[in-house]
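So the structure is just underneath, and the comments pick up after that.
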Amino acid sequence: MRGQRPSTGREMEVDMGLIVKTMARVTIPFIGIFGAYIVMHGHLTPGGGFQGGSTLAGAGILFLVAFGLKDAEKKVNRKVYSALEGVGGLVFLGAALLGFSVAFFYNTLWHNGPFFNGKPGTLLSAGFLPIMNLAVGLKVFSGFVAVAVSIAAFRRWRG
Amino acid sequence: MKQEIAFLSLLFILGSLLLIANPHYGLKFAFNSTHEWLTYRYTDNYYITHGLKDVGGNNIVTDIVFDYRGYDTIGEATVLFTAIAGAVALLRPWRRDEK
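Protein chains in written order, with our numbering: chain H, 1 to 159; chain Y, 1001 to 1099.
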């Protein structure tokens, strides 16, 4: 829209009222625990980094929608979250490069590594799979939260 | 008139689908015997039997996604990174808006 001043997002700074805020305050910790469980047990149970990261991002977006942009920006620094996404991707690539003496994506931690090589089915097993799940979970969570906060902060339309 | 033709053609399509997708003489979407399954889907069997030994995760899907098909996951992570970078870059205040 040319010639029209873009909206500065003042409308999003109000929260959604007492009922929604109370329900969000109750449910956000449970959603967070569930998402962390999905990410941590990615190599044992259905789920993984992407699914758990999306669940955690759902908790963050629920906080943003229920409490408004002003409260969310106190907790979420958009630039830090954008940087954390890159860190997650780099950790993923680094875990893939660990077994580069044999092949890219060779699971050397599982075959002859110092740690993460416990009995199959325990939490500290499966070599680089927990590291990769944590990296992808961090990447997806921080990326989605950064995009949601960016959309809320820099909206250009009115209403 | 148009509606009747639409309903009749829908019925015709569904009936022909029932005929085509009948497993006895039409298309087959699954294998009947274990032998046939092992002949055509030996890759699935390899992942199921070797996944725990090769990669170590109980979740075979995670084994495939992060080890056997790791390049695919790298591409997916790159796509996600590019999408989010583009969204954040487009959604910041533009230079025209700042004055």
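Virtual Cβ for every residue (Gly too), placed ideally from N, Cα, C.
Can you list, in chain order, the residues of its chain whose CB lies under 6 Å from that of Phe105/H, leaving out five sequence neighbours each side? To locate residue 105/H, count along the first sequence from 1; it is residue 105. Ala96, listed in sequence order.
Under 8 Å between C-beta atoms, does Asp1072/Y make it to chain H? Counting from 1 along the second sequence, the entry for residue 1072/Y is found at position 72. It does not; no Cβ of chain H falls within 8 Å.
I'd like to know if Asp1044/Y contacts chain H, where contact means its C-beta is closer than 8 Å to some C-beta of that chain. On the second sequence, residue 1044/Y is found 44 positions in, with the first residue counted as 1. Asp1044/Y does not count as touching chain H.
Between Ile61/H and Ala148/H, which are expected to be in contact by the criterion C-beta below 8 Å, what is the C-beta distance as a whole number of angstroms? Translated into positions along the first sequence, residue 61/H becomes position 61. Translated into positions along the first sequence, residue 148/H becomes position 148. Rounded, the Cβ-Cβ distance is 5 Å, consistent with contact.
Helix or strand or just coil, what does DSSP make of Arg1096/Y? In the second sequence, residue 1096/Y corresponds to position 96, counting from 1. Three-state DSSP puts Arg1096/Y in a helix.
Can you check the segment 1019–1047 of chain Y for any alpha helix (DSSP H) of at least 4 residues that lies completely inside it and give the ranges in chain order? 1034–1040
For Leu1038/Y, which residues in the same chain have their Cβ closer than 7 Å to its Cβ, ignoring the five residues on either side in sequence? One-based indexing of the second sequence puts residue 1038/Y at position 38. Excluding residues within five positions, the ones whose Cβ falls inside 7 Å are Asn1045.
Gly32/H and Gly52/H - do their beta-carbons sit closer together than 8 Å? Position 52 of the first sequence, counted from the start, is the residue given in the question as residue 52/H. Position 32 of the first sequence, counted from the start, is the residue given in the question as residue 32/H. No, the pair does not count as a contact, with Cβ atoms beyond the cut-off.
To which residues of the same chain is Gly88/H closer than 6 Å at the C-beta, ignoring the five residues directly before and after it? Here residue 88/H refers to the residue found at position 88 of the first sequence. Counting only Cβ-Cβ distances below 6 Å, and skipping sequence neighbours, we find Ala135, Leu138 and Lys139.
Please state whether DSSP places Gln1003/Y in a helix, a strand or coil. Residue mapping note: residue 1003/Y aligns to position 3 of the second sequence, counting from 1. Gln1003/Y: helix per DSSP, three-state reduction.
Give the straight-line distance between the Cα atoms of Gly118/H and Phe144/H, rounded to the nearest whole angstrom. Mapped onto the first sequence, residue 118/H falls at position 118. Mapped onto the first sequence, residue 144/H falls at position 144. About 33 Å.
Do Leu1027/Y and Ala1021/Y have their C-beta atoms within less than 8 Å of each other? To locate residue 1027/Y, count along the second sequence from 1; it is residue 27. To locate residue 1021/Y, count along the second sequence from 1; it is residue 21. Going by C-beta atoms, Leu1027/Y is nearer than 8 Å to Ala1021/Y.
At 4 residues or longer, and completely inside the segment 78–151 of chain H: list those alpha helix (DSSP H) runs for me, N to C. 78–97 and 108–112
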